[in-house]
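There are 2 protein chains.
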Amino acid sequence: MFEFEVVKKCKHTGARAGVLHTPHGDIKTPVYMPVGTRATVKALTPDQVKETGAQILLSNTYHLYLRPGEKLVRQAGGLHSFMHWDKPILTDSGGFQVFSLGALRKITEEGVEFRSHIDGSAHLFTPESVMQVEQDLGADIIMAFDECAAHDKPYAYVKNSMERTLRWAERCKRAKTSENQALFGIVQGGMFADLRRESAKGVNAMGFPGHAIGGLSVGEEKKVMYDMLEVTTPLLDEHKPRYLMGVGSPDCLIEGAMRGVDMFDCVLQSRTARMGTALTSRGKMNLRNAKYAADFSPIDPACDCYACRHFSRAYIRHLVTVGEILGATLLTIHNIRFSVSLMEQMREAILADDFPAFRAEKMAQMGYACIDMGSGYALS
Amino acid sequence: MFEFEVVKKCKHTGARAGVLHTPHGDIKTPVYMPVGTRATVKALTPDQVKETGAQILLSNTYHLYLRPGEKLVRQAGGLHSFMHWDKPILTDSGGFQVFSLGALRKITEEGVEFRSHIDGSAHLFTPESVMQVEQDLGADIIMAFDECAAHDKPYAYVKNSMERTLRWAERCKRAKTSENQALFGIVQGGMFADLRRESAKGVNAMGFPGHAIGGLSVGEEKKVMYDMLEVTTPLLDEHKPRYLMGVGSPDCLIEGAMRGVDMFDCVLQSRTARMGTALTSRGKMNLRNAKYAADFSPIDPACDCYACRHFSRAYIRHLVTVGEILGATLLTIHNIRFSVSLMEQMREAILADDFPAFRAEKMAQMGYACIDMGSGYALS
């Protein structure tokens, strides 16, 4: 029911093309997963999400646990049925969210006590309780409960946290009883290469069907994130999918895939859309800019999305300027389609043995500088 | 290019079924027109609007004149092209909006000086300037510039205002030069039957291809509105379409059609949707109500809209409660489809010689009291 095939590997980098089989269908990798935090991709219907070519959605356990509650979602027949999405879904573990609560949470070996950001009510997340919640939500892929340490924490803190996350991963594995869900372990270790290696080896040894890399893109330089990926991915079973959590700007999608990552998720696409910003093949475009007021060309002439097929920059600028919801909708459709399409093109390039040239061309077109891999990267 | 055929008349009431031919297609009447104030039906793509069965949209001259400006819309190829809507469009004249500005406007014989609600800038609308704006916008049906007097104004004020509106209608007729647009005259006269009659006769005599009835549903009792309709519609050429401006709650759609109205527009459908309220065959439903939290039935089991086909009350309540845009989108789709469907059913009932029974049944189901017509109503 849940298998991963690597279809093709790039000869010069860690990039690979694969297929991930799930109970709700196959996912061609590398893949960008749009985020539907509260059981909806903001401003879109599921049909509009599907039309972007999205293959899998991410939804957030922390948010759904608080509202409407995982029991209600289970009663609805699970997340797929509740939100009318029949393709694969992945839920995170709430780890990132509860740690983001700062003063509102307290970590012990048992788990994390936290207060709701909505009403201040007290809650406890443990590896066991999170497994129960994720099982009730019923996603195809569920994540182990981890601690995502802040990027500026000292070595001793991060080491301790990483080791606890390994123990929590074991507890998650034991607590999970569902058979139609794949549980991914999560690598942590902050910005310390030796801790990342230790975590990767430890998680890899537990025999999860897939591996996530957490705690990156949390404030560090991109070069540091890429260094951490380079020490991590070679230690993760190449026959299992690798998921870089919360990362998904266009350059990171390419640079991450180059370092052996198969799956990505990011709210940037939808969040910036709601601010009036489009991701395009020529870089970011702020539709609020007056220079688009009478520009009747599409956002991105190279894009095949619903917004680019039917609407002008001038119209979308009008919508964004006056604050119409349709502006957010059209830009979200575009940004997701742009990212999904980038992954589709990337996969084609890998299959055609052309990834390095693809990367160089796309990064330059979009105005990003390539950050090359260290020479020591193991092309496993 | 612009013709109206009355296909069938109810034997017992003023209701009639017709077809209105326009440059962008035929409109079957009676018809409910969704409102796209700023060149977008709030929270929907034009494809979603089309899927509701909507045949024609209304857009607002005042709003588009201010932003993005009628010249920009003309540069885009007109409203149809700008907003990607290839069916008919009707623009109002801005009269209602500028009179709603209260202290920000000043009325003279020449026109209305007003200040923008956005930036306070000074503007002048005259019958001639409004015709120019509406021609630039390029809707199929355009409205004459009128004064919509408040419902509590004294007789002398309303009489003076109504007479000026007649003079303005003449000026509009002279100023209009476009050939592919139909200009409708507007009946005013407040809540005074004799002024309504005088206005209706005056407007009717000018030979417009269609007639609107303005200044109703502005705070008066529904009975008063219906009384005004009953003295007005018999005086308007039965071979021309009659449009009741800004009216469109489910009961008013039925009661208005019964009194000879062919066209309606209302923001209630989309505005209440954004507040979490659904119009249903059993009356209004506030999805914020806790009793829907675990209700997995559709909003209205009798409805065939996208929201009712795929989503539960529980899910929509969740969206509305947490403030997700999709909640507004789904409820807007539903409310518009509900109203469009009501008109479709009403037309079928008229064609089947069954309007009175249809009216009685629907009003009762929705929980509205029927307000019968005065015996003096002329069944012209």
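Keeping their order, the protein sequence lines are chains A and B. The working numbering puts the first residue of the first sequence at 21, with every later residue one more than the last. The working numbering puts the first residue of the second sequence at 21, with every later residue one more than the last. Where a beta carbon is used, it is the ideal one built from N, C-alpha and C, also for glycine. Keep in mind it's a predicted model, so treat the numbers as computed, not measured.
Use the C-beta contact count for residue i: other C-beta atoms within 10 angstroms, 16 or more gives buried, fewer gives exposed.
i	result
Q365/A	exposed
H338/A	buried
P174/A	exposed
L78/A	buried
P108/B	buried
V251/B	buried
R58/A	buried
L371/B	exposed
T197/B	exposed
L264/B	buried
M1/B	Given a span of 21 to 400 for chain B in the structure shown, any question on residue 1/B remains unanswerable.
M278/B	buried
T60/A	buried
P321/A	exposed
G97/B	exposed
Does residue i come within less than 9 Å of chain B when only Cβ atoms are used?
i	result
L92/A	yes
Q289/A	no
S141/A	no
Y430/A	What the structure shows of chain A is the stretch from 21 to 400, and residue 430/A is not part of that stretch, so it cannot be assessed.
P88/A	yes
L339/A	yes
A314/A	yes
V342/A	yes
Nearest to residue i by CA position, among the options, is which residue?
i	options	result
L351/A	V39/B, T65/B and H83/B	T65/B
L157/A	G56/A, K91/A and G210/A	K91/A
V244/B	P229/B, P147/B, E258/B and E275/B	E275/B
I356/B	Y388/B, C286/B and G239/B	C286/B
T81/A	E250/A, F116/A and G73/A	F116/A
C272/B	F119/B, Q289/B, G209/B and A123/B	Q289/B
D160/B	H171/B, K48/B and L99/B	L99/B
A176/A	K196/A, Q201/A and F212/A	F212/A
M182/A	M21/A, A314/A, E148/A and G209/A	G209/A
N306/A	A314/A, T297/A and T146/A	T297/A
K304/B	K193/B, G387/B, E129/B and V153/B	G387/B
V69/B	Y85/B, Y52/B, V223/B and H83/B	Y52/B
S301/B	I47/B, E23/B and E381/B	E381/B
A377/A	H32/A, P254/A and E218/A	H32/A
C325/B	H354/B, S136/B and M163/B	H354/B
Y397/B	G280/B, S120/B, K193/B and E368/B	G280/B
Provide the residue(s) that pair with residue i in DSSP beta bridges, ordered along the chain.
i	result
V26/A	G38/A
M305/B	A298/B
T111/A	S79/A and I162/A
M265/B	In the DSSP output, where bridge partners are listed per residue, M265/B has none listed.
D46/A	H41/A
K126/B	E133/B
G205/B	H231/B
D285/A	M53/A
L144/A	E133/A
Please confirm whether residue i has its beta-carbon closer than 9 Å to some beta-carbon of chain A.
i	result
A164/B	no
L346/B	yes
S136/B	no
S332/B	yes
K116/B	Lys is not the amino acid found at residue 116/B; the sequence shown has Phe there. Not closer than 9 Å to any Cβ of chain A, the Cβ of F116/B fails to qualify, so no.
M103/B	yes
A96/B	yes
Y326/B	yes
Establish whether the CB of residue i and some CB of chain D are separated by less than 9 Å.
i	result
C323/B	This model lacks chain D altogether; the protein chains it does include are A and B.
Counting only Cβ-Cβ distances shorter than 9 Å, please list the residues of the segment 58-75 of chain A near chain B, keeping chain order. R58, A59, T60, V61, K62, A63, L64, T65, P66, D67 and Q68
Contact set between the segment 350-378 of chain A and chain B, restricted to residues whose Cβ is under 7 Å from the partner: none
Given a limit of 9 Å on CB to CB distance, which residues of the segment 42-56 of chain B reach chain A? none
Name, going along the chain, the residues of the segment 259-278 of chain B whose beta-carbon falls closer than 8 Å to a beta-carbon of chain A. none
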